[in-house]
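*Asks:*
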Amino acid sequence: MTRLALTDRYGRTATDLRVSLTDRCNLRCAYCMPEEGLAWLPRPALLTDDEVTRLVRIAVRWLGVTEVRFTGGEPLLRPGLPGIVAAAAALDPRPVLSLTTNGLGLDKLAVKLADVGLDRVNVSLDTLSPARFNQLTHRNRHADVLAGLDAAVEAGLGPVKINSVLLRGLNDDEAPALLHFALAHGYEQRFIEQMPLDAGHVWSRADMVTAEEILAALSAEFTLLPDPAERGAAPAQTWLVAGYPG
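For the sequence shown, the numbering used here assigns the number 57 to the initial residue and increments by one for each residue that follows.
(1) Identify whether Leu281 lies in helix, strand or coil by the three-state DSSP scheme.
(2) Could you have a look at Ile270 and say whether DSSP puts it in helix, strand or coil?
(3) Quick check: the Cα distance between Thr193 and Glu269, rounded to an integer number of angstroms?
(4) Can you find the residues in the same chain that come closer than 7 Å, C-beta to C-beta, to Pro232, ignoring five residues on each side of it along the sequence?
(5) Indicate whether the contact test is met: 3 or more Cβ pairs, each with one atom in the segment 203–219 and one in the segment 155–172, closer than 8 Å.
(6) Mind checking Gln250: buried by the 16 CB within 10 Å criterion, or exposed?
(7) Identify which residue in Leu119, Gly120, Ala143 and Trp96 has its Cα closest to the Cα of Leu133.
(8) Quickly, what does DSSP pair Pro217 with across the bridge? List them, please.
(9) If Leu222 sits next to Glu230, beta carbons under 8 Å apart, how far is it from one beta carbon to the other, in whole angstroms?
(10) Are the CB atoms of Ala143 and Thr109 nearer to each other than 8 Å?
(11) Among Gly242, Pro301, Leu234 and Leu119, whose alpha-carbon lies nearest the alpha-carbon of Ala61?
(12) Quick check: the Cα distance between Arg117 and Arg246, rounded to an integer number of angstroms?
(13) Compute the beta-carbon to beta-carbon distance between Leu158 and Leu83, rounded to the nearest angstrom, for a pair I have assumed lies under 8 Å.
(14) Exposed or buried, which one is Gly299 when buried takes at least 16 other CB atoms within 10 Å?
(15) DSSP state of Asp72, grouped into three classes?
(16) Could you name the residues of the same chain whose beta carbon sits closer than 6 Å to that of Val297, not counting the 5 residues immediately before and after it, in chain order?
(17) Suppose you measure from the CA of Leu271 to the CA of Asn196; what does that come to, to the nearest Å?
(18) In terms of residue numbering, what span does the beta strand (DSSP E) encompassing Glu230 cover?
(19) Rounded C-beta distance between Gly129 and Cys81? I'm assuming under 8 Å.
(20) Quick check: Arg74 and Arg113, are their CB atoms within less than 8 Å of each other?
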């Protein structure tokens, strides 16, 4: 079989595919959407489960994709998610399958998703404080996210990764605490710079907590070592914490 390659103008070859399964979400994160929510796309406007499966099959068999990440919105709100994952896991060659989620409902679905072929999850957690979580997401669901993290570990969906966005004046002091939490539970911690995605259009570069600031805060409490692993075309900077397994 002759395969094509997804190569950009800089010569970088893409082997990861992100598939957004829905625009719906059950949180109202301040950096993403207004508290009152948004007008969702009508369901007929979304790809059907069969269309998603066909898209993934073409990407894997013909375009050299080796990893498929299901995202949203919140992908756990997609009723057909287990079937989509199962179909992707049955492909030959089999791609690595991951899910980016806010964690709500993961405690109920983790085992089922692992059983049908999901390999790992990234869970969004921006704060360790329930009060701050309410302020950031406008929902009282902090404990549910923690339950989802526990369930993911129990189901073998590892390494479990935590995605955190720091907002100046809200949770910008929590970088070290989040890393302590991740290390204590065996999670991988990822910090993501805030992007101008907010529907209220109030994003300001001056309010963004930069990667340099986060690195400085972490370096004050941890010894960080550059990860020697090959990065490929990935934009992320990765670091190891001295004294902890990579």
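Note that beta-carbon positions come from the ideal geometry of N, C-alpha and C, so glycine has one too.
*Replies:* Per the coordinate set shown:
(1) The DSSP-derived three-state label of Leu281 is strand.
(2) helix
(3) 23 Å
(4) Ala273, Leu274 and Glu277
(5) Result yes; three or more Cβ-Cβ pairs closer than 8 Å.
(6) Buried, because 16 or more other Cβ atoms sit within 10 Å of the Cβ of Gln250.
(7) Nearest C-alpha to Leu133: Trp96.
(8) According to the sequence as given, residue 217 is Lys; it is not Pro. Answer is Asn178 and Glu244.
(9) 7 Å
(10) yes
(11) Leu119
(12) 30 Å
(13) Just to set this straight, residue 158 is Asn in the shown sequence, not Leu. About 5 Å separates the two Cβ atoms, so the contact holds.
(14) exposed
(15) strand
(16) Phe278
(17) Between Leu271 and Asn196, the C-alpha separation is close to 30 Å.
(18) Neither: Glu230 is in no beta strand (DSSP E) and is coded neither H nor E.
(19) 5 Å
(20) no
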